[in-house]
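K.L.:
My structure is below; once you've seen it, I'll send some questions.
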Amino acid sequence: MSTFRLRAGRKQVHLRAVQDSLRKLHPRVQMRNPVMFVVYVGSFLVTALWIQALAGHGEAPTGYIFGVAAWLWLTVLFANYAEALAEGRGRAQAESLREAREGLEARQLSEPRKGAVEIRVPATRLVKGDHVIVEAGEFVPADGEVVQGVASVDESAVTGESAPVIRESGGDRSAVTGGTKVLSDWLIVKVTSEPGKGFLDRMITLVEAAKRGKTPNEIALSILLAGMTIVFLVVCATLYPMSKYVAGATGLPNPITVTALVALLVCLIPTTIGGLLSAIGIAGMDRLIRANVVAMSGRAVEAAGDVDVLLLDKTGTITLGNRQATEFVPAPGVTPEALADAAQLASLADETPEGRSIVVLAKNKFGFRARDLSEMGAKIVPFTARTRMSGFDWQGKSVRKGAPDSVAEWVKSQGGEVPKECRALAETMSREGCTPLFVAAGPAILGTVRLRDVVKGGMKERFAELRRMGIKTVMITGDNPLTAAAIAAEAGVDDFVAQATPEDKLRVIRKHQADGRMVAMTGDGTNDAPALAQADVAVAMHTGTQAAKEAGNMIDLDSNPTKLLDIVNIGKQLLITRGTMTTFSIANDVAKYFAILPAVFLPLHKNIAMFNIMGLKTPESAILASVIFNALIIVALVPLALRGVQHRPVSAARALRDNILIYGVGGLIAPFVGIKLIDMLLVALHLAGVKS
């Protein structure tokens with residue numbers, strides 16, 4: 004069923020794009036694109052010549068003029084279609100989000116517990132603070148926080164990620180989004196958004212209200228294309244009187260026709276990039292929206308593609324943010340296995356991320372499986388913020404795990420003392436930026452658990468890719484220099500700033516900008532606002548302060564600091580796609596000269612036939628084949644323009660070389676093959692076989 008809906012949705016998008024391409028034939032719409040406006044006017048002119056030919060006063064065979072006119076109109080429509088299809092993908096996303104929101108029914112609870120009285124209400128009536136229960140197969144009715152339960156959730160409708168995620172109460176995996184689907188178990192969710200202000204509502208408003216203006220680079224390229232078009236327009240306009248003069252002087256009966264000149268003009272001007280330029284920009288913005296990032300301007304997206312310095316906060320960006328257990332250090336006379344076993348048992352009642360990490364570390368290092376303390380008959384001592392300890396009492400044995408001072412005080416109450424070695428180790432760990440936890444059994448200290456902020460998986464590889472692209476990475480942290488250096492080395496960043504203040508961040512950004520670099524950074528606090536305002540690409544977290552969001556030129560609705568790396572890739576992909584399409588278009592036009600120029604000028608002098616290196620049969624077939632290829636190549640490149648040219652982490656010189664070899668040489672070869680095949684087909688079907 005889902006596959007059928009996907010295909011039906013794609014069909015609807017393409018059908019609507021066809022309809023929109025017809026609506027875009029209005030002159031006011033066409034005038035926005037100078038290149039395609041020339042094709043648009045030429046289509047009217049050749050259509051008028053065809054009507055004149057029907058009346059018996061044609062300058063060339065009626066079928067030939069009709070063929071040129073029809074394919075000129077198709078060229079305009081194909082360019083409109085590319086732009087409409089790019090716009091339609093954004094509308095389709097808004098419609099799918101609306102479907103995910105509308106029609107949802109909520110099971111509102113009288114109190115936040117399973118088994119409480121339920122009332123079924125429309126999801127739109129939920130207000131902040133309401134509690135709902137969501138079970139397997141049901142949709143989350145509103146944005147909220149999980150207060151009870153654990154479940155697998157399908158978030159593909161919102162994030163695009165097909166793999167389900169685990170959502171549970173507490174920690175950093177408790178947030179759920181309205182419109183996502185619970186796949187297993189159940190959740191009790193506390194609504195955190197007001198009606199009409201949820202994540203889906205913001206995304207729908209963004210997609211529907213967004214109006215993409217042309218970016219500076221796009222404006223510059225449009226001016227260049229318009230200039231080239233004007234030059235070729237002047238050249239072609241002077242060819243007709245010149246051909247009349249030559250014909251009169253030599254007595255030749257066949258001057259160059261207006262139909263041939265219009266076809267020549269359309270094939271000479273950069274119609275390929277002219278027809279796809281807008282679609283490339285829209286598709287780039289669409290990819291950013293799909294990444295749940297709101298760009299305040301297209302300038303910021305382009306700047307992301309030119310970034311060569313990234314400033315990243317350590318906590319939550321480079322590291323997981325929650326400190327994880329990394330090592331068991333036993334006290335003298337205690338084995339590591341005994342320490343790990345006691346630490347795991349004492350952590351089973353600790354629901355904090357740190358406590359869960361101790362259970363996992365003991366399992367991974369020594370194969371200890373989590374046990375059920377209640378089945379053992381043990382008395383569970385849960386972790387609390389007041390005691391800062393957790394543990395258990397069983398068969399006259401008491402085990403505690405927690406902050407060193409809390410455990411030390413408990414050990415003293417049991418008649419024991421903390422060994423000097425353990426105190427010294429705890430102090431050393433603290434100086435290194437780690438967090439020590441003591442584990443004790445009655446009056447004896449068993450050892451210390453080292454907690455540290457762990458670098459996220461794959462970060463070193465991602466930073467290596469950025470380095471190959473010529474992008475410098477700088478880690479910003481409030482940690483002491485020793486800890487900062489250790490994390491920087493493990494993560495593979497190029498530089499770091501320790502014990503950073505807001506003034507330090509601003510100073511670093513200005514220094515790099517003074518060196519001619521483009522700087523990007525993320526932030527969420529008011530203290531980040533000055534640096535965000537200074538940075539060229541400033542990504543503010545949606546969960547951040549209002550000052551940070553006003554200072555940034557992008558807002559990440561997922562509030563994921565690592566999104567900055569994806570934004571840079573999207574920006575670079577936009578610039579690369581535009582550059583490769585421009586290279587292909589110009590190379591394409593150069594190759595078309597060898598097809599259409601000999602055909603146009605052959606009536607003036609028979610010796611021009613020697614330049615017909617493609618071996619095209621007749622002038623009419625050559626001109627018509629060139630016009631047809633000129634239209635079809637736009638359609639052929641639409642998928643690439645919308646998908647974007649894949650960005651690879653290589654140097655600028657390598658990227659330029661690959662661009663020229665693939666799209667420059669490819670743009671030269673494609674017309675020779677395509678026009679020749681179309682010419683052979685036209686002649687075989689007797690559609691353009693009449694010699695001038």
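Position in the sequence shown (first residue = 1) + 3 = this note's numbering.
Ideal Cβ positions, reconstructed from N, Cα and C, are used throughout, including at glycine.
By the three-class DSSP mapping on this structure, what secondary structure does residue 559 have?
P.N.:
strand
K.L.:
Going by beta-carbon coordinates alone, are residue 441 and residue 394 separated by less than 8 Å?
P.N.:
No, the pair does not count as a contact, with Cβ atoms beyond the cut-off.
K.L.:
Thinking C-alpha only, which one of 508, 684, 403 and 225 is nearest residue 585?
P.N.:
225
K.L.:
With burial defined as no fewer than 16 other Cβ atoms inside 10 Å of the residue's Cβ, what is the status of residue 335: buried or exposed?
P.N.:
exposed
K.L.:
Looking at the unbroken alpha helix (DSSP H) that takes in residue 258, where does it start and where does it end?
P.N.:
First-last for residue 258: undefined, no H or E at that position.
K.L.:
Can you tell me where the alpha helix (DSSP H) with residue 494 in it begins and where it stops?
P.N.:
484-494
K.L.:
Count the other CB atoms within 10 Å of the CB of residue 14; is the residue buried (16 or more) or exposed (fewer)?
P.N.:
exposed
K.L.:
So, using beta-carbon positions, are residue 517 and residue 532 closer together than 8 Å?
P.N.:
no
K.L.:
Run through DSSP, which three-state label would residue 35 get?
P.N.:
Of the three classes helix, strand and coil, the one that applies to residue 35 here is coil, per DSSP.
K.L.:
Please identify the residue among 26, 49, 263 and 539 whose C-alpha is closest to the C-alpha of residue 299.
P.N.:
539
K.L.:
Between the stretch 437-456 and the stretch 341-353, do at least 3 Cβ pairs fall closer than 8 Å?
P.N.:
yes
K.L.:
Report the residue from 71, 111 and 286 whose alpha carbon sits nearest the alpha carbon of residue 88.
P.N.:
286
K.L.:
Taking buried to mean at least 16 other C-beta atoms within 10 Å of its own C-beta, is residue 322 buried or exposed?
P.N.:
buried
K.L.:
Is the beta carbon of residue 304 closer than 8 Å to that of residue 291?
P.N.:
yes
K.L.:
Can you look up residue 645 in the DSSP assignment and give me helix, strand or coil?
P.N.:
helix
K.L.:
Could you give the C-beta distance for residue 673 and residue 615, rounded to a whole number, given that I count them as a contact under 8 Å?
P.N.:
Going by Cβ atoms, the distance from residue 673 to residue 615 rounds to 19 Å, so no, they are not a contact pair.
K.L.:
Which residue or residues does DSSP assign as beta-bridge partners of residue 330?
P.N.:
453
K.L.:
Please classify residue 220 as buried or exposed, where buried requires at least 16 neighbouring CB atoms within 10 angstroms.
P.N.:
buried
K.L.:
How long is the line joining the alpha carbons of residue 675 and residue 644, rounded to whole angstroms?
P.N.:
22 Å
K.L.:
Taking all protein chains shown into account, decide if residue 30 is buried (16 or more other Cβ within 10 angstroms of its Cβ) or exposed.
P.N.:
Result: exposed.
K.L.:
Indicate whether residue 228 and residue 276 have their beta-carbon atoms separated by less than 8 Å.
P.N.:
In contact: residue 228 and residue 276 (Cβ atoms closer than 8 Å).
K.L.:
Keeping to the same chain, check which residues put their C-beta closer than 8 Å to that of residue 454; ignore five residues upstream and five downstream.
P.N.:
326, 327, 328, 329, 357, 360, 437, 438, 439 and 440
K.L.:
Measuring from the CB of residue 461, is there a heavy atom of the ligand ADP at a distance below 7 Å?
P.N.:
You won't find the ligand ADP in this model; it holds no ligand whatsoever.
K.L.:
Which of the three DSSP states is assigned to residue 580 in this structure?
P.N.:
helix
K.L.:
Which class does residue 499 belong to by DSSP, given the choice of helix, strand or coil?
P.N.:
strand
K.L.:
For residue 570, which of 241, 551, 595 and 524 has the nearest alpha-carbon?
P.N.:
524
K.L.:
Residue 147 and residue 179 look like a contact to me (Cβ under 8 Å); what is the Cβ gap, rounded to whole Å?
P.N.:
6 Å
K.L.:
Count Cβ pairs between the stretch 419-437 and the stretch 461-479 that sit closer than 8 Å; are there 3 or more?
P.N.:
no
K.L.:
Residue 398 bridges to which residues according to DSSP?
P.N.:
DSSP output for residue 398 lists no bridge partner at all.
K.L.:
Does any C-beta atom of chain B lie closer than 8 Å to the C-beta of residue 14?
P.N.:
Structure shown: chain B not included; a single protein chain is present.
K.L.:
Rank 559, 338 and 536 by C-alpha distance to the C-alpha of residue 545 and give the top, closest one.
P.N.:
559
K.L.:
Going by C-alpha distance, which of 153, 682, 594 and 86 is nearest residue 354?
P.N.:
153
K.L.:
Going by alpha carbons, who is nearest to residue 143 out of 126, 491 and 302?
P.N.:
Ranked by Cα distance from residue 143, the options 126, 491 and 302 are led by 126.
K.L.:
Taking all protein chains shown into account, do 16 or more other C-beta atoms lie within 10 angstroms of the C-beta of residue 111, making it buried, or fewer, making it exposed?
P.N.:
Residue 111 should be labelled buried.
K.L.:
Report all residues from its chain with a CB closer than 7 Å to the CB of residue 85; omit the five preceding and five following residues, and keep chain order.
P.N.:
278, 279, 282, 637, 641 and 644
K.L.:
Give the straight-line distance between the Cα atoms of residue 302 and residue 617, rounded to the nearest whole angstrom.
P.N.:
For residue 302 and residue 617, the distance between alpha carbons rounds to 44 Å.
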